[in-house]
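Student: Structure incoming, see below.
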Amino acid sequence: MSDKTTSAGAADGRHTAGAFDIRNFIGALLGLYGLILTLMGLFGEKSLDKTGGINANLYAGIALLVVSAAFVAWARLKPIVVPEHIEPPDDDPTRPAPKRRQGGH
2 MSDKTTSAGA ADGRHTAGAF DIRNFIGALL GLYGLILTLM GLFGEKSLDK
52 TGGINANLYA GIALLVVSAA FVAWARLKPI VVPEHIEPPD DDPTRPAPKR
102 RQGGH
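Quick note on numbering: the working numbering labels position 43 of the sequence shown as 44, and the sequence is numbered without any gaps.
Right, here's the structure in full:
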């Protein structure tokens, strides 16, 4: 891996989304559900007669943990680069929001 990849764009002076990347939120949520299902599969009531002899909670939990790790790895390896400067849009007369004042706040 090069310096650019490991520092997530900091070597170029570019800013990344970091913790606010949606892939981190999705990965964390899937990881939480996966952890709960894995623990329920290991320690909870198994009800194997309802699932055809398969511990569905355990397998679904492990699958969610794998997908969660993939989302987090994807966010780390290919971070979203945030542009340095974004120009605000011009006032739209059809927009219901208040108009911007000329020359300041």
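Here a beta-carbon is modelled for each residue, glycine too, at the ideal position from N, C-alpha and C.
A quick note: this is a predicted structure, and the numbers were derived from the prediction, not measured.
Helix, strand or coil for Thr17, going by three-state DSSP, please let me know.
Tutor: Strand, per DSSP.
Student: Do you know offhand how far Leu59's Cα is from Gly42's?
Tutor: Between Leu59 and Gly42, the C-alpha separation is close to 4 angstroms.
Student: Distance, Cα to Cα, Ser69 vs Ile81?
Tutor: Using only the alpha carbons, I get a separation of about 18 angstroms.
Student: I need the straight-line Cα distance from Ala29 to Asp50, nearest angstrom please.
Tutor: Using only the alpha carbons, I get a separation of about 32 angstroms.
Student: Can you tell me whether Ala76 is buried or exposed? The criterion is at least 16 other CB atoms within 10 Å of its CB, across all chains shown.
Tutor: Buried, since its Cβ has 16 or more Cβ neighbours within 10 Å.
Student: How many whole angstroms separate the CB atoms of Gly62 and Thr39, which I take to be in contact at a CB cut-off of 8 angstroms?
Tutor: Confirmed, about 3 angstroms.
Student: Which residue from Arg15, Ile27, His16 and Ile87 puts its Cα closest to that of Val67?
Tutor: The candidate whose alpha carbon is nearest that of Val67 is Ile27.
Student: Would you mind sorting Gly35 into buried or exposed? The rule is 16 or more other CB atoms within 10 Å of its CB.
Tutor: Under this definition Gly35 is a buried residue.
Student: Suppose you measure from the CA of Pro45 to the CA of Phe72; what does that come to, to the nearest Å?
Tutor: First, the residue type needs correcting, since residue 45 is Gly and not Pro in the sequence shown. Using only the alpha carbons, I get a separation of about 27 angstroms.
Student: What residues match up with Val82 in a beta bridge as DSSP calls it?
Tutor: Looking at the DSSP assignment, Val82 forms a beta bridge with Thr17.
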